[in-house]
């Protein structure tokens, strides 16, 4: 099934190259900025991406090789802990005029990440991934878009006649294609002053702005040298294939067979909401025996509020003498696994990522009567029926024909939209009532599942999962990568097996399954201990190499931390975690210090090393609250408090944050609100700790109780809530809009698109959660809800 998300998370590699593409080709002999043929330049890039959920800060460490004819990129590491940007480490990209080549040794069998896409590239289809995560190989389309709006030296030939002492504006028309590639750029409106370009507006064939670029210069001995480029990027519509017909070609015997899936209507999604401002800073860089003026820093911010979304720091420039094939081999060698890496991953998989071997099936998986009887022995609560958005009532109320919408009187169109909103709200109220009734129903008692039944259930789940997974041909892999998460249309037999597998999974989730002997990982033997000691020496040496790139050193320290965990050497684990945090802090990666630092604290708590985990927690909270950007702290706390449930760490962080000098009233209010919500959740968790589901929650609860009591936590909740409420009431008019309780977090994307609801801000979601806490604890009249909040 295709899934969409209104939140964009796009790979940053092509964004860096896109900026360089705009900036690189705009030189002409008598006009500044002037381009220089520099040959093949190698440099390292540390890229940061700030997000609103999940890992709220991602960092990618890569090496680039760039010249006019081709480029290559190797991602050596990503944070946090190798998992940044969907685990991009070991990804290699090479692009020239013939094709776009990708390679990833970790997923060598996945064809879309290990192939060459020929050029010229066709225009991409609508995004089936809904402007959310998408196949990494689709970076080729980001490159295509960047090149389609690139300005070339040849385009600026008419400017050669510009006088040195005048202000002029030229309106240039661009060629429709270049090297077989269709161009989005059709016109450029360029202002020159004293022989240099001051500004440039790039326009498409409809005279719609693609970018407005300003050039800022610094004077050095009378010569104007480029200091920065500032590009204003407008809001733009992206076509999303939310309801497009999807066809997957599957091979069956000698004949191919097309399988058609549900058809849904494409929609437009606004990308770059609030607009974007991209700033490229230039500096003199020593390359060989001379200096070049090159980009050293790139920042992308939301134009509306200045919030930093992405940044890249470019460093370690050097000229290299390699041809295309040598560059490709150098890029692959930069990220190739060594023998030590392979040995480390094998040991980590054997002990830390251990998967129990459940043995062969002891029952016949085709004996469905036996399976149903097994399921009947462990009843679970019935599921609440899913809301059917395609029901006749829903369709008639919420959808109108495109031809009708285009001719409808605006007043009637507005009236219908309001009617649709009211209908949707009624349906949501009904849904809420159904849910509350469902929650009040008596549930079957939770029981212990014996070892034999536990083993059989888990074996059946694994067997059905393997049997139902389609084997894709290379062409099908490419089709899946292009069109999103599509699957084979299941037969009636497959659907029955899916239902049985789902029922078996629900049993394990609801009841208490026995722990099996095979669940315990093997104990370290003497040979593996000796191998770990050798690997520790190897990675200690790598981490100490100051001339090694930062990503490579962080990778080495991460390996040391995991090896410490293997040995249960908690003192070394604490020491190496401190080293990891110090490296991030020294590199100025304060947001990653906060995001990446937490997991190791939880690992120590899980091992019962509370003194060590509390020591690191205090340091982590103090440094994060003092050094991280305010927006980064609030985004991190929003996600961890409201979604991930890491309340104890966030209480420590927010205790310090709310006393930080210079906070605005809005920022302090949200810090107080998030702290109150975290304390409320901690209190509830501790009250039911004996029955808490999920090992992470139990670990957190025991960690809390190692330093305080449930009574102390409960005593803190009400004052924290009242302090947050007082801060909200003190906001004045701001609470009526910026901080009003308003939530869309539970509205699916199709409802948001159909009803025209605007997304709630993070601050509004926080207010909605605080409002719910206040209503639950002190009654509905404790906060005056703003009129008109939804």
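Residue numbers (our numbering): 640 to 1429.
No residue lacks a Cβ here, since even glycine has one placed at the ideal position from N, Cα and C.
Taking DSSP as the reference, what is the three-state secondary structure of residue 706?
Position 67 of the chain shown, counted from the first residue, corresponds to residue 706. Three-state DSSP puts residue 706 in coil, outside helix and strand.
Whole-angstrom distance between residue 928 and residue 763, CA atom to CA atom:
Along the chain shown, read from residue 1 onward, the residue named residue 763 stands at position 124. Along the chain shown, read from residue 1 onward, the residue named residue 928 stands at position 289. Taking the straight line from one Cα to the other gives about 43 Å.
Tell me which residue opens and which closes the beta strand (DSSP E) that residue 826 is part of.
As a first step, residue 826 must be located in the chain shown, where it is residue number 187. Under the DSSP assignment, residue 826 falls in the beta strand (DSSP E) whose first and last residues are 826-832.
Taking C-alpha atoms, which residue in 1200, 1140, 956, 1090 lies nearest to residue 987?
Here the question's residue 987 lines up with position 348 in the chain shown. The shortest C-alpha separation from residue 987 is found at 1200.
Given a threshold of 16 other Cβ atoms within 10 Å of its Cβ, counted over all protein chains shown, does residue 1298 qualify as buried or as exposed?
Taking the chain shown and counting its residues from 1, one reaches residue 1298 at position 659. An exposed status is given to residue 1298, since fewer than 16 other beta-carbon atoms sit within 10 Å of its beta-carbon.
For residue 778, which option in 738, 812, 796, 790 has the closest C-alpha, if you only look at C-alpha atoms?
Along the chain shown, one-based indexing puts residue 778 at 139. The residue with the shortest Cα to Cα distance from residue 778 is 738.
What's the C-alpha gap between residue 1137 and residue 708?
The count along the chain shown starts at 1 and reaches residue 1137 at position 498. The count along the chain shown starts at 1 and reaches residue 708 at position 69. Straight through space, the alpha carbons of residue 708 and residue 1137 are spaced by roughly 51 Å.
Based on DSSP bridge pairs, tell me the residues matched to residue 990.
Position 351 of the chain shown holds residue 990. Per DSSP, none; premise fails for residue 990.
What is the residue span of the beta strand (DSSP E) that residue 1198 lies within?
By one-based count along the chain shown, residue 1198 stands at place 559. Where residue 1198 is concerned, there is no enclosing beta strand (DSSP E), although the alpha helix (DSSP H) it sits in stretches over 1189-1206.
C-alpha distance - residue 1157 paired with residue 997, whole-angstrom precision
On the chain shown, residue 1157 is found 518 positions in, with the first residue counted as 1. On the chain shown, residue 997 is found 358 positions in, with the first residue counted as 1. Taking the straight line joining both Cα atoms gives about 7 Å.
Residues bridged to residue 733 (per DSSP)
Looking up residue 733 in the chain shown gives position 94. Bridge pairing for residue 733: 711, 740 [DSSP].
Can you give me the start and stop residues for the alpha helix (DSSP H) that residue 1295 sits inside?
Walking along the chain shown from the start, residue 1295 turns up at place 656. In the DSSP assignment, residue 1295 falls within the alpha helix (DSSP H) that extends over 1286-1296.
On a CA-only basis, which of 938, 1336, 1076, 1184 is nearest residue 1244? Give me that one, please.
The residue given as residue 1244 occupies position 605 in the chain shown. The shortest C-alpha to C-alpha distance from residue 1244 to any of 938, 1336, 1076, 1184 is the one to 1336.
Check each candidate in 775, 1295, 1308, 1276 and name the one with the smallest Cα separation from residue 1257.
Residue numbering aside, residue 1257 sits at position 618 when the chain shown is read from its first letter. In this structure, 1295 is the residue among 775, 1295, 1308, 1276 with its C-alpha nearest to the C-alpha of residue 1257.
Name the two residues that bound the continuous alpha helix (DSSP H) containing residue 1357.
Within the chain shown, residue 1357 is the residue found at index 718, counting from 1. Where residue 1357 is concerned, the enclosing alpha helix (DSSP H) stretches over 1349-1368.
Which residue from 775, 1304, 1401, 1214 puts its Cα closest to that of residue 1279?
Residue mapping note: residue 1279 aligns to position 640 of the chain shown, counting from 1. Relative to the Cα of residue 1279, the nearest Cα in the group 775, 1304, 1401, 1214 belongs to 1401.
Selected residue, minimal CA-CA separation from residue 839, among 831, 1140, 846
In the chain shown, the residue the question calls residue 839 occupies position 200. The residue with the shortest Cα to Cα distance from residue 839 is 831.
Contacting residues, own chain, Cβ-Cβ under 8 Å from residue 1271 (five flanking each side not counted)
Working through the chain shown from its first residue, we reach residue 1271 at position 632. Cβ neighbours of residue 1271 beyond the five flanking positions: 689, 695, 696, 1229, 1230, 1233.
Within 10 angstroms of its Cβ, does residue 1076 collect 16 or more other Cβ (buried), or is it exposed?
Working through the chain shown from its first residue, we reach residue 1076 at position 437. Label assigned to residue 1076: exposed.
Assumed close pair residue 750, residue 1113 - CB separation to whole angstroms, cut-off 8 Å:
For the purposes of this step, residue 750 is taken as the residue at position 111 of the chain shown. For the purposes of this step, residue 1113 is taken as the residue at position 474 of the chain shown. With a Cβ gap of about 5 Å, residue 750 and residue 1113 count as contacting.
How would you call residue 1175, buried or exposed, if buried means at least 16 neighbouring beta carbons within 10 angstroms?
Working through the chain shown from its first residue, we reach residue 1175 at position 536. Buried, by the Cβ-count rule.
According to the neighbour-count rule (16 or more other Cβ atoms, all chains shown, within 10 Å of its Cβ), is residue 967 buried or exposed?
In the chain shown, counting from the first residue as 1, residue 967 sits at position 328. Residue 967 comes out buried.
Taking residue 1314 and residue 1359 to be in contact with their CB atoms under 8 Å, please state how far apart those CB atoms are, rounded to whole angstroms.
On the chain shown, residue 1314 is found 675 positions in, with the first residue counted as 1. On the chain shown, residue 1359 is found 720 positions in, with the first residue counted as 1. With a Cβ gap of about 6 Å, residue 1314 and residue 1359 count as contacting.
Would you list, in sequence order, the uninterrupted alpha helix (DSSP H) runs of no fewer than 4 residues that lie entirely inside the region 896-978?
DSSP runs (the alpha helix (DSSP H)) wholly in the region 896-978: 963-974.
Reference residue 1225, options 1197, 1266, 1204, closest by Cα:
Taking the first residue of the chain shown as position 1, residue 1225 is located at position 586. Of 1197, 1266, 1204, the residue nearest in Cα terms is 1266.
Rounded to a whole number of angstroms, what is the C-alpha to C-alpha distance between residue 759 and residue 826?
The residue you call residue 759 lines up with position 120 of the chain shown. The residue you call residue 826 lines up with position 187 of the chain shown. A direct Cα-to-Cα measurement between residue 759 and residue 826 gives close to 22 Å.
Determine the direct distance from the alpha carbon of residue 1144 to that of residue 1014, and round the result to whole angstroms.
Indexing the chain shown from 1 puts residue 1014 at position 375. Indexing the chain shown from 1 puts residue 1144 at position 505. C-alpha separation (whole angstroms): 10 Å.
Terminal residues of the alpha helix (DSSP H) in which residue 1275 lies:
Here residue 1275 refers to the residue found at position 636 of the chain shown. For residue 1275, the uninterrupted alpha helix (DSSP H) run begins and ends at 1269-1278, by DSSP.
What is the rounded straight-line gap between the Cα of residue 788 and the Cα of residue 1412?
Position 149 of the chain shown, counted from the first residue, corresponds to residue 788. Position 773 of the chain shown, counted from the first residue, corresponds to residue 1412. Looking at the backbone, the Cα of residue 788 and that of residue 1412 are separated by about 50 Å.
Beta-carbon contacts of residue 1318 that lie in its chain and below 7 Å, excluding the five residues immediately before and after:
Counting from 1 along the chain shown, the entry for residue 1318 is found at position 679. Taken in chain order, the residues that qualify are 1290, 1352, 1355, 1356, 1359.
Within its chain, find whatever has a CB closer than 8 Å to the CB of residue 1312; leave out the 5 residues flanking it on each side and keep chain order.
Residue numbering aside, residue 1312 sits at position 673 when the chain shown is read from its first letter. Closer than 8 Å at the Cβ level, and outside the excluded window around residue 1312, lie 1363, 1366, 1367, 1405, 1406, 1408, 1409.
Would you kindly work out how many angstroms separate the C-alpha atoms of residue 1414 and residue 924, rounded to a whole number?
Taking the chain shown and counting its residues from 1, one reaches residue 1414 at position 775. Taking the chain shown and counting its residues from 1, one reaches residue 924 at position 285. Straight-line Cα distance between these residues: approximately 60 Å.
Alpha carbon of residue 1377 to alpha carbon of residue 1260, nearest angstrom
Here the question's residue 1377 lines up with position 738 in the chain shown. Here the question's residue 1260 lines up with position 621 in the chain shown. Those two C-alpha atoms are separated by around 27 Å.
Is it right to say residue 954 is buried, meaning 16 or more other beta carbons lie within 10 angstroms of its own, or is it exposed?
Position 315 of the chain shown holds residue 954. With fewer than 16 other beta carbons inside 10 angstroms of its own, residue 954 counts as exposed.
Range covered by the alpha helix (DSSP H) that runs through residue 754
The count along the chain shown starts at 1 and reaches residue 754 at position 115. Run containing residue 754: none in the alpha helix (DSSP H); it sits in the beta strand (DSSP E), 754-757.
Tell me, please, which residues DSSP counts as bridged to residue 1064.
Position 425 of the chain shown, counted from the start, is the residue given in the question as residue 1064. Paired residue(s): none; residue 1064 is not in a bridge.
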